[in-house]
Amino acid sequence: MQKALFVFLGMFLFLTACSTDRTIDSSTDNSTNVEYLKMEGYVVEKREHGGIYQLLVIGNITKDDLENKTKQELIKEAGGTYFYVKKEIYSKVQEGDKVVVWMEKGQPLQPSDPPEASAKKIEIINEKKAPKYQECAEGYIISKSDDSIWVISRIEKDDIQNETKKELNELFQGKGVIFDIRNISQETKMRLEEKQKVKVYCNGILKESAPSQGEAIKIEVLEE
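Residue numbering for the sequence shown is -19 to -1, 1 to 205, as defined by mature numbering (1 follows the signal peptide of the UniProt record, and there is no 0).
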């Protein structure tokens, strides 16, 4: 009984979210006679866990909404759907892209908020010729790996100069921003060092966590 109730609620949430997305259309694949729903919207979040890849797509919003509102505000105002996608699609699509998503009509949905569904096909309709970015942090690198840097702002070099890595982790636990640097050039990444001052540019979207998380588009080294 509880399972059936959860499924019903999940379908209700999905239909509610879809009703706010005015760009949903439908079409039929004549070769298989399968009907698909087509949704247009923006990719607000990418998330991956244990080899499972998802894109949060929200329709009926503008580019300004995307740049000036939080994920939770956008979900509350316009709904949205988490789409399961293949790794190849996940790697190609970026947060901020405008996309068209095809999904099979009537497919089983996982009860969640926002709801979850599988994408049959995703098309990027606004390939970005030049990434639009803004300054997201200026501060010191507390730790660095091949894929990320942890940056703390509003501190001085003397505050960290004589501290060990363990002491810095304890001192700044839950603070600052961890930036994904996989899209940064290898030349720039090789210049990055711990306890170095940098200015990091991103798309303006920082995920709510402790520390916050974002994707670096450009990094300026302010101190060698």
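The C-beta atom is built at its ideal place from N, Cα and C for all residues, glycine as well.
Measuring only the C-alpha atoms, how far is Tyr71 from Ser126? To locate residue 71, count along the sequence shown from 1; it is residue 90. To locate residue 126, count along the sequence shown from 1; it is residue 145. Answer to the nearest angstrom: the Cα atoms are 22 angstroms apart.
Helix, strand or coil at Ala59 according to DSSP, with G and I counted as helix: In the sequence shown, residue 59 corresponds to position 78, counting from 1. Reduced to three states, the DSSP call for Ala59 is helix.
Classify Gln115: buried if its beta carbon has 16 or more other beta carbons within 10 angstroms, exposed otherwise. Your numbering for residue 115 matches position 134 in the sequence shown. By the 10 Å Cβ count, Gln115 comes out exposed.
Note down the Cα distance separating Glu175 from Ile122, rounded to an integer number of angstroms. Residue 175 sits at position 194 when you count from the first residue of the sequence shown. Residue 122 sits at position 141 when you count from the first residue of the sequence shown. Their backbone Cα atoms lie some 5 angstroms apart in a straight line.
Boundaries of the alpha helix (DSSP H) in which Tyr71 is found, first to last residue: Within the sequence shown, numbered from 1, the residue matching residue 71 stands at position 90. Where Tyr71 is concerned, the enclosing alpha helix (DSSP H) stretches over 68 to 73.
Using C-beta distances below 6 angstroms, list every residue in its chain close to Gly185, excluding the 5 sequence neighbours before and after it, in chain order. In the sequence shown, residue 185 corresponds to position 204, counting from 1. Result list for Gly185: Glu48, Gln115, in chain order.
Alpha-carbon to alpha-carbon, Tyr34 and Val24: The residue labelled residue 24 in the question sits at position 43 within the sequence shown. The residue labelled residue 34 in the question sits at position 53 within the sequence shown. When rounded, the distance between both Cα atoms is 13 angstroms.
If you draw a straight line from the C-alpha of Lys86 to the C-alpha of Val80, how long is it? Your numbering for residue 86 matches position 105 in the sequence shown. Your numbering for residue 80 matches position 99 in the sequence shown. Taking the straight line from one Cα to the other gives about 18 angstroms.
What are the start and end residues of the beta strand (DSSP E) that includes Asp127? Looking up residue 127 in the sequence shown gives position 146. It is not in any beta strand (DSSP E) - Asp127 carries neither H nor E in the DSSP assignment.
With Ile105 as the anchor, note down where its alpha helix (DSSP H) starts and where it stops. As a working mapping, residue 105 is identified with position 124 in the sequence shown. That residue, Ile105, is in no alpha helix (DSSP H); its beta strand (DSSP E) goes 102 to 105.
Quick one: measure Cβ to Cβ for Ser124 and Phe160, integer angstroms, because I've assumed they're closer than 8 angstroms. By one-based count along the sequence shown, residue 124 stands at place 143. By one-based count along the sequence shown, residue 160 stands at place 179. Going by Cβ atoms, the distance from Ser124 to Phe160 rounds to 11 angstroms, so no, they are not a contact pair.
Could you name each continuous beta strand (DSSP E) segment of 3 residues or more that falls completely within the region 27 to 59, going from the start of the chain to the end? 33 to 39
Using beta-carbon positions only, say whether Lys101 and Trp83 come within less than 8 angstroms of one another. As a position in the sequence shown, residue 101 is number 120, starting the count at 1. As a position in the sequence shown, residue 83 is number 102, starting the count at 1. A contact, by the Cβ cut-off of 8 angstroms.
Are there 16 or more other CB atoms within 10 angstroms of the CB of Asp45, so buried, or fewer, so exposed? Sequence index remark: in the sequence shown, residue 45 carries index 64 (1-based). With fewer than 16 Cβ atoms within 10 Å of its Cβ, Asp45 is classed as exposed.
Exposed or buried, which one is Thr4 when buried takes at least 16 other CB atoms within 10 Å? Within the sequence shown, the letter at position 23 stands for residue 4. Low confidence applies here, because Thr4 scores a pLDDT of 45, under 50, leaving its location unreliable and the question unanswered by this model.
The beta strand (DSSP E) enclosing Glu97, as first and last residue numbers: Locating residue 97 in the sequence shown gives position 116, where the first residue counts as 1. Start and end: 97 to 99.
For residue 207, three-class secondary structure by DSSP: Residue 207 lies beyond the range of the chain shown here (-19 to 205); nothing can be said about it.
Exposed unless 16 or more other CB atoms sit within 10 angstroms - verdict on Thr62: Walking along the sequence shown from the start, residue 62 turns up at place 81. So Thr62 ends up on the buried side.
Helix, strand or coil for Glu119 per DSSP? Counted from its first residue, the sequence shown places residue 119 at position 138. Of the three classes helix, strand and coil, the one that applies to Glu119 here is strand, per DSSP.
Please work out which residues of its chain come closer than 8 angstroms, Cβ to Cβ, to Ser193, disregarding the five sequence neighbours upstream and downstream, and give them in chain order. Taking the first residue of the sequence shown as position 1, residue 193 is located at position 212. The answer, listed in chain order, is Gly157, Val158, Ile159, Leu187.
In whole angstroms, give me the CA-to-CA distance for Gln88 and Phe64. Counting from one through the sequence shown, the residue named residue 88 turns up at place 107. Counting from one through the sequence shown, the residue named residue 64 turns up at place 83. Each residue's Cα considered, the two are about 12 angstroms apart.
What residue range is occupied by the uninterrupted beta strand (DSSP E) comprising Ile159? Position 178 of the sequence shown, counting from 1, holds the residue named residue 159. Residues 158 to 161.
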